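Inspection log for the structure reproduced underneath, given as structure tokens.
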Amino acid sequence: MKRAVIVLFLFVAFDLSALVVRAQNSPSPFPSSTPKLEVPAAAVNAHDPGAATKAWLDTVPADKRARSDAYFEGGYWILLWNFLLSAAISIFLLQSRVSARLRDFAEQITRFKWLQVWFYAVPFVLISAILSFPLAIYEDFVREHQYGMATQTFGPWFGEQLITLIVALIFLPIVLVALYWVFRIAPKSWWLWGTAVIAVFGMLGSFFFPVYIAPLFNKYKALTDPTIRDPILAMARANEIPVDQVYEFDASRQTKRISANVAGFLGTTRIALNDNLLKRCTLPEIRQVMAHEMGHYVLNHGAKLTIYSSLFFFVGFLLTRAFFDKILQRWGTRWGVRDIADPAGLPLLSLIISVYFLLLTPIQNSSVRITEREADAFGINTSREPDGFAAVSLKLGEYRKLNPGKWEEIIFFDHPSGRARIRMAMDWKAAHLPCGNTPAGQ
Ligand SMILES: [Zn+2]
429 MKRAVIVLFL
439 FVAFDLSALV
449 VRAQNSPSPF
459 PSSTPKLEVP
469 AAAVNAHDPG
479 AATKAWLDTV
489 PADKRARSDA
499 YFEGGYWILL
509 WNFLLSAAIS
519 IFLLQSRVSA
529 RLRDFAEQIT
539 RFKWLQVWFY
549 AVPFVLISAI
559 LSFPLAIYED
569 FVREHQYGMA
579 TQTFGPWFGE
589 QLITLIVALI
599 FLPIVLVALY
609 WVFRIAPKSW
619 WLWGTAVIAV
629 FGMLGSFFFP
639 VYIAPLFNKY
649 KALTDPTIRD
659 PILAMARANE
669 IPVDQVYEFD
679 ASRQTKRISA
689 NVAGFLGTTR
699 IALNDNLLKR
709 CTLPEIRQVM
719 AHEMGHYVLN
729 HGAKLTIYSS
739 LFFFVGFLLT
749 RAFFDKILQR
759 WGTRWGVRDI
769 ADPAGLPLLS
779 LIISVYFLLL
789 TPIQNSSVRI
799 TEREADAFGI
809 NTSREPDGFA
819 AVSLKLGEYR
829 KLNPGKWEEI
839 IFFDHPSGRA
849 RIRMAMDWKA
859 AHLPCGNTPA
869 GQ
């Protein structure tokens, strides 16, 4: 199921969780009924951005820091377990000839090639989901409860897993039918057209996700509180973003995490923030988070990340072309797999692609993290809330290690670390940029 979701939603709604917070000495132009944040003494003027950053980080008690470090570092291992499990499933399906038998079964049912792919794909998705389920229970349910993130009991959680499976069972076979169609009609250049298929379905997925998929899991409604909505819409107007609505969604039914996101493509693009964020953050924090999300919109990050993902798949398919036939020469007879256009070879295709994406982890994470940093820069310049930025970065640090090593951040972080974000905020604050008709330093 993981694999299904990865392929289907690779390009979709990248989580643009965010940033920030509030200041006693840089008053927001908007009134807020929420409590003001305590700004550490060394961060009040941020004359020394390094010391100010450290002062913010030091406000987090050691036990909380240890907990979020352990949570995030556990994720590194989860990455490995997911890869090993998915590789084991692929090898099992090939070695046991379950894959070849599924293909034979599909060929008996119909003589239409495209329909054979569909009849292969449906049980393939189902079997993969069942075999992956124990790890899904640990990763998404047990572990999330261990660390106090999850708010769901097993029943509703399981219900959502079933919905995800149904979505995968509907859409993934369609993607595979299209993919194997180009594998059949372009035996020499399938890797090129395969990339095109993935890119097109990625864009379609992004387009339909906010309208048809996201509402299956959460209720989205227009934010109506004018004290929150109007300051957000003011920033949108200031940046020529054509929206008259901001959405909130009830993430608290699943998790305690605060987050916001931009989802959609062309006409369906919308900016949404979750109810945890609304409940726990001050207006300056909320403004910074939403300014960050607007940054994704203004800087065309949806299109940019779609292009990156397509390039990654392009290289992945090139590598597949290099290895697929060689592996088949040795094992093809034993596995009952004929060639790239044979759906029985899907587990091998999946195995090669997952090895590649595991090795690509640092590059993939860095491509997203650098994009997130651009949105951070847009956000701080739009919200002008360095203390809000710092405070929200600490809140996001509840589930993302605050102060990682340099290489650790490059390899594993798909968003800047809390330390990097707070440093950006304090550097911004220390620069005392002039602000139009307002004297510099305010
Ligand atoms: Zn973001």
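Note that this note's numbering has the sequence shown beginning at 429, numbered continuously upward.
For every residue, glycine included, the Cβ atom is placed at its ideal position computed from N, Cα and C.
Remember, predicted model here, so these are calculated numbers, not experimental data.
**Study point:** Terminal residues of the beta strand (DSSP E) in which arginine 698 lies
**Key:** Start and end: 698-702.
Review point. For ligand 1, any of its heavy atoms closer than 7 Å to the Cβ of glutamate 713?
Key: No, the Cβ of glutamate 713 stays beyond 7 Å of every heavy atom of ligand 1.
Exercise for review: Could you pull out every residue in the same chain whose Cβ sits closer than 7 Å to the Cβ of aspartate 855, ignoring the five residues on either side in sequence?
Suggested key: In the same chain as aspartate 855, and ignoring 5 residues on each side of it, the C-beta atoms closer than 7 Å to its own belong to Pro477, in chain order.
Point to revise | Three-state secondary structure (DSSP) of tyrosine 648 | key: Correct three-state label for tyrosine 648: strand.
Exercise for review: Quick one: residues in its chain with C-beta nearer than 8 Å to the C-beta of alanine 483, no 5 flanking neighbours on either side, listed in chain order?
Suggested key: Taken in chain order, the residues that qualify are Pro468, Ala469, Ala470, Ala471.
Review point. DSSP on asparagine 510, reduced to helix/strand/coil?
Key: If DSSP states are grouped into helix, strand and coil, asparagine 510 belongs with the helices.
Practice item. Could you tell me whether the region 634-647 touches the region 575-583, where touching means 3 or more Cβ pairs closer than 8 Å? Key: Under the 8 Å Cβ criterion, the region 634-647 does not count as touching the region 575-583, having fewer than three qualifying pairs.
Review point. Which of helix, strand or coil does DSSP assign to phenylalanine 636?
Key: Reduced to three states, the DSSP call for phenylalanine 636 is helix.
**Study point:** Cβ-heavy atom distance, alanine 803 to ligand 1, below 7 Å
**Key:** Yes - ligand 1 has a heavy atom lying nearer than 7 Å to the Cβ of alanine 803.
Practice item. From the DSSP output, in three-state form, read off threonine 655 for me. Key: In the structure shown, threonine 655 sits in a helix (DSSP, three-state: H, G or I).
Review point. How about glutamate 837: is its Cβ closer than 7 Å to a heavy atom in ligand 1?
Key: Relative to ligand 1, the beta carbon of glutamate 837 is positioned no closer than 7 Å to any heavy atom.
Exercise for review: Report back the beta-carbon spacing between leucine 559 and isoleucine 517 to the nearest angstrom; my notes put them in contact at under 8 Å.
Suggested key: 5 Å between Cβ atoms; contact.
Check your understanding: Looking only at C-alpha atoms, which of Ala700, Met718, Asn704 sits nearest to arginine 681?
Key -> Nearest neighbour of arginine 681 by Cα position, chosen from Ala700, Met718, Asn704, turns out to be Asn704.
Review point. Within 7 Å: the Cβ of glutamate 588 and any heavy atom of ligand 1?
Key: It does not: the Cβ of glutamate 588 is nowhere closer than 7 Å to a heavy atom of ligand 1.
Review point. If you draw a straight line from the C-alpha of phenylalanine 741 to the C-alpha of isoleucine 626, how long is it?
Key: Answer to the nearest angstrom: the Cα atoms are 8 Å apart.
Check your understanding: Would you say leucine 554 and leucine 597 are within 8 Å of each other, going by their C-beta atoms?
Key -> Annotated as proximal: leucine 554 and leucine 597, with beta-carbon spacing under 8 Å.
**Study point:** Contact with chain D by arginine 612, beta-carbon distance below 8 Å
**Key:** Judged by its chain identifiers, the structure shown contains no chain D, having just a single protein chain.
Check your understanding: From the DSSP output, which residues share a beta bridge with valine 690?
Key -> DSSP, once it has assigned bridges, lists Ile699 as partnering valine 690.
Exercise for review: With distances taken Cα to Cα, identify the nearest neighbour of arginine 493 among Leu739, Arg847, Asn728, Arg612.
Suggested key: Checked all of Leu739, Arg847, Asn728, Arg612; the closest Cα to arginine 493 is Arg847.
**Study point:** Proximity below 8 Å, CB of glycine 816 to CB of threonine 710
**Key:** A contact, by the Cβ cut-off of 8 Å.
Check your understanding: By the 10 Å Cβ neighbour count, where 16 or more other Cβ atoms means buried, how is tryptophan 509 classified, buried or exposed?
Key -> Exposed is the call here.
Point to revise | Straight-line Cα distance separating glutamate 501 from leucine 600 | key: Cα to Cα, the separation comes out at about 31 Å.
Check your understanding: If you check the beta carbons only, do glutamate 802 and proline 844 fall under 8 Å apart?
Key -> Not closer than 8 Å, so no.
**Study point:** Spatial distance of glycine 773 from valine 765 (CA atoms)
**Key:** The straight-line gap from Cα to Cα measures roughly 6 Å.
Point to revise | Cβ-based neighbour list, threonine 623, same chain, cut-off 8 Å, excluding 5 preceding and 5 following | key: Contacts found: Ser738, Phe741, Phe742, Phe745.
Point to revise | For phenylalanine 533, the three-state DSSP class (helix, strand or coil) | key: Judged by DSSP in its simplified three-state form, phenylalanine 533 adopts helix.
Check your understanding: The beta strand (DSSP E) spanning tyrosine 675 covers which residue range?
Key -> Looking at the DSSP string, the run of the beta strand (DSSP E) that includes tyrosine 675 is 675-677.
Review point. Does the beta carbon of glutamate 813 fall short of 7 Å from some heavy atom of ligand 3?
Key: With respect to ligand 3, the structure shown offers nothing to examine, as its ligands consist of ligand 1.
Practice item. Spatial neighbours of alanine 679 within its chain, please: CB distance less than 8 Å, with the 5 preceding and 5 following residues excluded, ordered by chain position. Key: Closer than 8 Å at the Cβ level, and outside the excluded window around alanine 679, lie Asn646, Arg685, Ser687, Asn702, Asp703, Asn704.
Check your understanding: With distances taken between CB atoms, is the gap from leucine 590 to alanine 549 smaller than 8 Å?
Key -> Alanine 549 is positioned such that its CB atom lies no closer than 8 Å to that of leucine 590.
Review point. Would the beta-carbon of glutamate 721 fall within 8 Å of that of asparagine 689?
Key: In this structure, asparagine 689 lies closer than 8 Å to glutamate 721 by Cβ.
Practice item. Throw me the rounded Cβ distance for the tyrosine 827 and methionine 577 pair, which I believe falls under 8 Å. Key: Cβ-Cβ separation between tyrosine 827 and methionine 577: approximately 6 Å, consistent with a contact (criterion under 8 Å).
Practice item. Could you tell me if glycine 692 is buried or exposed, where buried requires 16 or more neighbouring beta carbons within 10 angstroms of its beta carbon? Key: Glycine 692 is buried by the Cβ-count criterion.
**Study point:** Pairwise C-alpha distance: leucine 522 and tryptophan 763
**Key:** Cα to Cα, tryptophan 763 sits roughly 5 Å from leucine 522.
Check your understanding: Among Ile768, Pro551, Arg495, which has the Cα closest to the Cα of tryptophan 618?
Key -> The residue with the shortest Cα to Cα distance from tryptophan 618 is Ile768.
Check your understanding: Just to check, is the beta-carbon of histidine 860 closer than 7 Å to a non-hydrogen atom of ligand 1?
Key -> Not so, every heavy atom of ligand 1 lies at least 7 Å from the Cβ.
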